[in-house]
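Everything on this sheet refers to the single structure shown next.
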């Protein structure tokens with residue numbers, strides 16, 4: 011039985027397609043993220059909204075459950091007030107937590123971890139519930155993050171990541 015060139019090409023395309031589909035459900039992914047944070051409560055009068063950058067990772071445990079983590083840099087610049095200009099809040103947050111996917115592209119997450127404050131001594135802990143959408147390598151996440159303690163920061167955040 012002879013196999014024609016067209017049959018070989020069709021077989022090659024099918025094999026490559028299957029490999030690409032398998033790549034969509036990788037058990038581990040890593041990628042950079044950009045983050046925007048909108049302060050709530052009393053800090054919005056003394057500080058501007060925040061900007062951040064970092065690296066995030068996902069580990070798929072099952073079809074619906076996964077581990078998530080990230081490390082990055084987040085800064086809230088100070089505003090000028092009648093008392094003077096407030097110092098910027100500069101932090102290195104490290105987050106780890108769980109993801110639950112009720113459907114393949116949508117997830118709910120809960121993360122916690124330390125945030126090392128650059129211009130203040132010590133760390134503060136953070137708690138970050140959120141919801142997100144991930145299509146292929148692109149991830150868009152909305153969250154509410156609480157940093158109790160010295161800074162007592164609370165903010166809404168939007169994160170855009172690209173996982174490889």
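Numbering (my numbering), first residue to last: 11 to 174.
Even for Gly, the Cβ is constructed at its ideal location relative to N, Cα and C.
Closest to residue i by CA distance: which of the options is it?
i, options, result
"residue 78", "157, 89, 141", "141"
"residue 114", "139, 152, 72, 120", "72"
"residue 88", "150, 151, 139, 60", "60"
"residue 122", "75, 143, 153", "153"
"residue 156", "150, 103, 110", "103"
"residue 163", "74, 57, 143", "57"
"residue 69", "138, 106, 133", "106"
Within a Cβ cutoff of 7 angstroms, which residues of the same chain sit near residue i, ignoring the five residues on either side of it in sequence?
i, result
"residue 174", "39, 40, 41, 147"
"residue 172", "41, 42, 147, 148"
"residue 83", "62, 63, 64, 102"
Once you ignore the five residues that flank residue i on each side, which residues in its own chain have a CB closer than 6 angstroms to its CB?
i, result
"residue 46", "168"
Apply the 10 Å Cβ neighbour rule to residue i and answer buried if 16 or more other Cβ atoms are within range, or exposed otherwise.
i, result
"residue 37", "exposed"
"residue 51", "exposed"
"residue 165", "buried"
"residue 65", "exposed"
"residue 80", "buried"
"residue 90", "exposed"
"residue 31", "Confidence is the limiting factor: at residue 31 the pLDDT is only 45, short of 50, which leaves the residue's position unreliable, though a coordinate-based value still follows. So residue 31 ends up on the exposed side."
Return yes when at least one heavy atom of the ligand MN lies under 7 angstroms from the C-beta of residue i, else no.
i, result
"residue 143", "Judged by which ligands are present, the structure shown has none, so any question about the ligand MN falls away."
Can you find the residues in the same chain that come closer than 8 angstroms, C-beta to C-beta, to residue i, ignoring five residues on each side of it along the sequence?
i, result
"residue 85", "60, 61, 62, 98, 99, 100, 101"
"residue 135", "122, 123, 124, 125, 157, 158, 159"
"residue 75", "108, 109, 110, 111"
"residue 145", "115"
Q) How about the region 112-131 and the region 94-101: do they share at least three Cβ pairs that are nearer than 8 angstroms? A) Contact between the region 112-131 and the region 94-101 is present, because at least three Cβ pairs lie under 8 angstroms.
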